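I have placed the structure first, in the form of structure tokens, so that the comments after it can refer back to it.
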Amino acid sequence: MIKHQKTYRWTLALGIIAITALYPQNLRAQSDDFGYELGIESEIKLMSGLKLSLEAGMRTQDDAEKIDRYTVGAGLSYRLYQTSDKKLNVKANAGFDYMWTQKLTEQEVKYEDLYNDDDEWYGTRAKGYNITDEYWRNRSRINAGLSASYSPNKRWSFSLKETFQVNHYNAVDDINRTKVRIDYDEVDDPTQYYNTQLDVKDIDMLAHTSSADVTSRESATRTVLRSRLGASYDIKGLPIDLFAAVDYGCGLNYSTNKWKFTVGYDYKINKTNTLTLQYRYNTEDDDDEANGHLVGLSYKIEF
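In this text, residue positions in the sequence shown follow our numbering: the first is 1131, and each later residue adds one.
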């Protein structure tokens, strides 16, 4: 028993050191972002098959130098069906989350269409760029779904979860913005910049002017259907469950594709306390989350 305790303690320690110390150094050289994620959750059994969960968390971004979000949430799960051998379980889930999210400073190059005297289009050119300062935008999320898990033996477990999410983004006013515009009257041979993609550095080398103003973001509602396929393995002789999951999200009232790939392990301190360490890679084609790498550490207690 003592030997096993030493083994899993060393496994836990080495896992934390490897992910939190070595991974960031390797990832900073890549274009993807990197961040840490911390969370705490409590699960309360209300009655047979019905559980209430309460959770809170925080996440960093910009190579873990700035806060990405703070989150609080609550959820209910109810077991709809279970086989006599308890290998197959089907549950219904519903929940609510509230998030305080920070959007980082953005630089966006702006382009304009070019027309001749006969109002015929003949090309485009960069007219400048906008710098939008960082700001906080809060949002709430309501979700509902169904999940099924199957455990063919004591070691393996497989799960599938379908979740419908409604995300409401609050309106934000008084966001500081700077506009930089190219003065083509002061540029030698401006035609060389027609139909050419420029970046911020290119524009700064040309004659330009700048001005400051404020902008805003209107409230918005986005709905997403998420599908999550997962598997876990209980290591014999150790209080550790390895797990891996793939999560795909599809926008229903807007166009987006979201992918999350997760690996990690649950360290079962005892029957009611669990520590989870995981690594996740996010990639999506909208601005909800930055593409990149997340190392997460969370604690769960059951009552």
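Even for Gly, the Cβ is constructed at its ideal location relative to N, Cα and C.
Note that this is a predicted model, so its numbers are computed, not measured.
On the premise that A1301 lies in contact with S1349, defined as a C-beta separation below 8 angstroms, what is that separation, rounded to the nearest angstrom?
Their Cβ separation, rounded to whole angstroms, is 4 angstroms, which keeps S1349 and A1301 in contact under 8 angstroms.
Beta-carbon proximity of R1410 to K1430, cut-off 7 angstroms:
The answer is no: Cβ separation not under 7 angstroms.
Taking the alpha-carbon positions, what's the M1229 to S1270 distance?
6 angstroms
Which of the three DSSP states, helix, strand or coil, is assigned to T1321?
helix
Leaving aside the five residues before and after I1272 along the sequence, list all residues of the same chain whose C-beta is less than 6 angstroms from its C-beta, in chain order.
Scanning its chain for C-beta atoms nearer than 6 angstroms, with the 5 sequence neighbours on each side dropped, one finds around I1272 the residues F1226 and V1296, in chain order.
Out of S1214, Y1395 and T1402, which has the shortest C-alpha to C-alpha gap to L1427?
Y1395
DSSP-derived helix/strand/coil call for K1196:
Strand, per DSSP.
On the premise that Q1232 lies in contact with W1266, defined as a C-beta separation below 8 angstroms, what is that separation, rounded to the nearest angstrom?
Cβ atoms of W1266 and Q1232 come within 8 angstroms of each other, at about 5 angstroms.
Grab the span of the beta strand (DSSP E) containing D1334 for me, first residue to last.
From DSSP, D1334 is part of no beta strand (DSSP E) but of the alpha helix (DSSP H) over V1330 to D1334.
Please determine if the region 1305-1313 and the region 1335-1355 are in contact, where contact requires at least 3 C-beta pairs separated by less than 8 angstroms.
Between the region 1305-1313 and the region 1335-1355, the count of C-beta pairs closer than 8 angstroms reaches three or more; the two stretches touch.
L1405 to R1189 span [Cα, whole Å]:
Their backbone Cα atoms lie some 17 angstroms apart in a straight line.
Contact check, V1344 vs Y1259, beta carbons under 7 angstroms
no
Taking the Cβ atom as the reference point for each residue, do R1356 and Y1384 lie within a distance shorter than 7 angstroms?
No, these two residues do not count as a Cβ contact at 7 angstroms.
Per DSSP, cross-strand counterpart(s) of Q1327
Answer by DSSP bridge pairing: none, since Q1327 is not bridged.
Would you kindly report the start and end of the unbroken beta strand (DSSP E) that includes R1285?
Here R1285 belongs to no beta strand (DSSP E), and DSSP marks it neither H nor E.
Bridge partner(s) assigned by DSSP for S1341:
K1309
Going by Cα to Cα distance, which pick from L1210, N1268 and I1197 is closest to L1234?
I1197
Hey, G1187 and G1169: beta-carbon distance below 7 angstroms or not?
Judged by their CB atoms, G1187 and G1169 are nearer to each other than the 7 angstroms cut-off.
For D1415, which residues of its own chain have a beta-carbon under 7 angstroms away from its beta-carbon, when the five flanking residues on both sides are left out?
Around D1415: T1386 and N1387.
Cβ separation of A1435 and L1276, assumed to be a contact under 8 angstroms, to the nearest whole Å
Residue 1435 lies beyond the stretch modelled for the chain, which goes from 1131 to 1433, so this question has no answer here.
Take the Cβ of L1152 as the centre, count every other Cβ of all protein chains shown within 10 Å, and call the residue buried at 16 or more, exposed below.
Here the model assigns L1152 a pLDDT of 44, short of 50, so the residue's position is not dependable, and the following value carries that caveat. Counting Cβ neighbours within 10 Å, L1152 comes out exposed, since fewer than 16 surround it.
By the three-class DSSP mapping on this structure, what secondary structure does D1315 have?
helix
If distances are taken between C-alpha atoms only, which option among A1278, T1201, E1242 and K1240 comes closest to V1220?
A1278
Who are the near neighbours of Y1245 in its chain, counting only those whose CB is closer than 8 angstroms to its CB and skipping five residues on each side?
W1251 and Y1252
By alpha-carbon positions, which one of N1403, L1407 and T1402 ends up nearest to A1374?
L1407
What residues in its chain sit with their C-beta under 6 angstroms from that of A1224, if we drop five residues either side in the sequence?
L1206 and A1274
Leaving out the 5 sequence neighbours to the left and right, which residues in its chain are closer than 6 angstroms to Y1211 when beta-carbon positions are compared?
V1220
Would E1173 and S1183 be called neighbours here (beta carbons separated by less than 7 angstroms)?
yes
Roughly how many angstroms separate the alpha carbons of Y1378 and T1392, rounded to a whole number?
12 angstroms
Pull up the distance between the alpha-carbon of I1305 and that of N1268, whole angstroms please.
14 angstroms
Out of curiosity, what's the CA-to-CA distance linking L1359 and L1382?
20 angstroms
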